[in-house]
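Visitor: So that we are looking at the same thing, I have put the structure below in C-alpha cells.
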Amino acid sequence: MIIVKTAEEIELMRQSALVVSKTLGMLAKETKEGVTTNHLDKIAEEFIRDHGALPGFKGLYDCPSTLLCSVNEAVVHGLPTNTPLKDGDIVSIDCGAFMNGFYGDHAYTFEIGNVDEATKKLIQTTKESLYVGIEQLKVGNRVGDVGFAIQKYCEAEGYGVVRELVGHGLGRKMHEDPEMPNYGKRGRGKKFIEGMVVAIEPMINMGTHKVKQLSDGWTIVTQDGKPSVHFEHDIAIVEGKPEILSTFGYVHEALGITSNEEDAFRQNALVL
Numbered sequence: 001m002i003i004v005k006t007a008e009e010i011e012l013m014r015q016s017a018l019v020v021s022k023t024l025g026m027l028a029k030e031t032k033e034g035v036t037t038n039h040l041d042k043i044a045e046e047f048i049r050d051h052g053a054l055p056g057f058k059g060l061y062d063c064p065s066t067l068l069c070s071v072n073e074a075v076v077h078g079l080p081t082n083t084p085l086k087d088g089d090i091v092s093i094d095c096g097a098f099m100n101g102f103y104g105d106h107a108y109t110f111e112i113g114n115v116d117e118a119t120k121k122l123i124q125t126t127k128e129s130l131y132v133g134i135e136q137l138k139v140g141n142r143v144g145d146v147g148f149a150i151q152k153y154c155e156a157e158g159y160g161v162v163r164e165l166v167g168h169g170l171g172r173k174m175h176e177d178p179e180m181p182n183y184g185k186r187g188r189g190k191k192f193i194e195g196m197v198v199a200i201e202p203m204i205n206m207g208t209h210k211v212k213q214l215s216d217g218w219t220i221v222t223q224d225g226k227p228s229v230h231f232e233h234d235i236a237i238v239e240g241k242p243e244i245l246s247t248f249g250y251v252h253e254a255l256g257i258t259s260n261e262e263d264a265f266r267q268n269a270l271v272l
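The sequence shown begins at 1 in UniProt numbering and counts up one residue at a time.
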C-alpha cells in the first residue's frame with residue numbers, strides 16, 4: 001500500500017534528505033586516492049550525528065555500516081573496507097539518515113583520479129537516466145513508465161540494466177511501496193498519486209545486467225566484472241509533478257561542477 005505524505009511530512013522528509021545530501025557533499029572532498037572506505041564510513045557517521053540525525057542504514061537489516069561503498073564492479077551494498085581507493089577507481093556511495101521520524105536515502109558515484117573515458121560515459125549516462133526517470137514521476141503515470149524510460153535510455157547505449165535490485169517508496173520506513181524498477185513497460189504497475197515519495201536509483205552496468213552476491217552477504221557485483229554505476233534521488237509528487245527533495249548540489253559545489261539538472265524538478269530554488 002502506498003503511504004501518502006502530507007505537505008508537512010514532505011517538508012520533514014526534505015530535511016532528512018538534505019542531511020544525506022550534505023553528507024555526500026562532505027564526502028566529495030574526502031573521497032580520493034589513498035583513502036579507505038572505512039575512513040569515509042567513520043566520518044560520515046560522525047557528520048550525520050552532528051547534524052541531529054541517525055545513520056539510516058546502520059543496524060537496518062543488520063547492516064554494520066553507515067555507508068554502502070561499491071567500488072568498480074560492485075553494483076550496490078558494498079561494505080566499507082580498509083582497502084585504499086586507487087587512481088582510476090569509481091565508487092558509488094549510498095547513504096541514509098533518519099530524522100524527524102523519516103528517512104532520507106540517496107547515492108552518488110564518484111571518480112577517483114584519472115578514470116577512463118568509457119567509464120566516464122557510463123557515469124554520465126546513468127546520471128542522465130535518473131532525471132529521465134524522474135520526468136515520468138507524475139500523477140496519472142505508472143511505475144512502468146519510470147522503469148521504461150530509464151531502461152530505454154541506458155540500453156540505447158548498450159548498457160545492462162540491473163533487474164534484481166530496484167528503487168522504492170520512502171517514508172517512516174526505509175523501504176515502502178511501491179517498488180521502483182529501472183526497467184518495465186509503459187502503462188504498467190501502480191499508478192502515481194499526489195503526496196507519494198519514492199527513491200529512484202538507476203543501477204547500470206557497463207556489460208551484462210546480470211549480478212551476483214559476494215560471500216560477505218552484502219556486496220552485489222556484476223557477473224562479468226565490468227564497472228557498474230549507481231545514482232539515487234528522493235522525490236515527492238507535489239501538485240501532480242516530481243519535486244526532488246534531495247540534491248547533488250553540495251557534491252557539485254565540492255567538486256567544482258556547474259549543473260542545472262535539478263532545476264526542472266524543484267519548485268523553489270535551493271540555497272546551499
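Ideal placement from N, C-alpha and C gives every residue a C-beta, glycine not left out. Source: prediction; values computed, not measured.
Determine, using beta-carbon pairs with one atom in the region 21-40 and one in the region 212-224, whether at least three such pairs fall under 8 Å.
Guide: The answer is no - the region 212-224 does not touch the region 21-40, with fewer than three Cβ pairs under 8 Å.
Visitor: Could you check where the alpha helix (DSSP H) with residue 260 kicks off and where it finishes?
Guide: Position 260 of the sequence shown, counted from the start, is the residue given in the question as residue 260. Element bounds for residue 260: n/a, residue is neither H nor E.
Visitor: Can you give me the start and stop residues for the alpha helix (DSSP H) that residue 149 sits inside?
Guide: Mapped onto the sequence shown, residue 149 falls at position 149. Where residue 149 is concerned, the enclosing alpha helix (DSSP H) stretches over 143-155.
Visitor: Buried or exposed for residue 120, going by 16 or more other Cβ atoms inside 10 Å?
Guide: Against the sequence shown, residue 120 aligns to sequence position 120. Exposed.
Visitor: Check whether the region 193-201 and the region 46-60 are in contact - that is, three or more C-beta pairs closer than 8 Å.
Guide: Verdict: no, contact absent.
Visitor: Looking at C-beta atoms only, is the number of pairs between the region 134-141 and the region 16-32 that lie closer than 8 Å three or more?
Guide: Result no; under three Cβ-Cβ pairs closer than 8 Å.
Visitor: Can you tell me where the alpha helix (DSSP H) holding residue 120 begins and where it ends?
Guide: Numbered from its first residue, the sequence shown carries residue 120 at position 120. 117-134 is the span of the alpha helix (DSSP H), which, as asked, contains residue 120.
Visitor: Could you please give me the residues that DSSP links to residue 179 through a beta bridge?
Guide: Translated into the one-based positions of the sequence shown, residue 179 becomes position 179. DSSP, once it has assigned bridges, lists 168 as partnering residue 179.
Visitor: From residue 190 to residue 255, what does the alpha carbon distance come to, in whole angstroms?
Guide: Numbered from 1 along the sequence shown, position 190 holds the residue referred to as residue 190. Numbered from 1 along the sequence shown, position 255 holds the residue referred to as residue 255. If you take the alpha carbons of residue 190 and residue 255, they lie about 38 Å apart.
Visitor: Can you list, in chain order, the residues of its chain with a C-beta nearer than 7 Å to that of residue 203? Leave out the 5 residues immediately preceding and following it.
Guide: On the sequence shown, position 203 is the one that residue 203 refers to. So the qualifying residues of the chain are 75, 76, 162, 165, 182, 228 and 230.
Visitor: In the structure shown, what three-state DSSP assignment does residue 252 receive?
Guide: The count along the sequence shown starts at 1 and reaches residue 252 at position 252. Helix.
Visitor: Restricting to Cα atoms, I'd like to know which of 149, 123 and 124 is closest to residue 134.
Guide: Mapped onto the sequence shown, residue 134 falls at position 134. Closest by alpha carbon: 149.
Visitor: Identify, in the order they occur along the chain, each residue of the same chain with its Cβ nearer than 6 Å to the Cβ of residue 195, setting aside the five sequence neighbours on each side.
Guide: Residue numbering aside, residue 195 sits at position 195 when the sequence shown is read from its first letter. Contacts found: 4 and 5.
Visitor: Have a look at 252, 122 and 70 and flag the residue whose alpha-carbon is nearest the alpha-carbon of residue 214.
Guide: Translated into the one-based positions of the sequence shown, residue 214 becomes position 214. With distances taken between Cα atoms, residue 214 lies closest to 70.
Visitor: Quick check on the DSSP output: the beta strand (DSSP E) that includes residue 244 runs from which residue to which?
Guide: Looking up residue 244 in the sequence shown gives position 244. Its beta strand (DSSP E) spans residues 241-244.
Visitor: So residue 88 and residue 116 are in contact, right, with Cβ under 8 Å, and what is the actual spacing, rounded?
Guide: In the sequence shown, residue 88 corresponds to position 88, counting from 1. In the sequence shown, residue 116 corresponds to position 116, counting from 1. Confirmed, Cβ separation roughly 7 Å.
Visitor: For residue 110, write down the residues that DSSP places opposite it in a beta bridge.
Guide: Numbered from 1 along the sequence shown, position 110 holds the residue referred to as residue 110. Answer by DSSP bridge pairing, in chain order: 91.
Visitor: Taking the beta carbon of residue 153 as the centre, do at least 16 other beta carbons fall within 10 Å, making it buried, or is it exposed?
Guide: Position 153 of the sequence shown, counted from the first residue, corresponds to residue 153. Flag for residue 153 reads buried.
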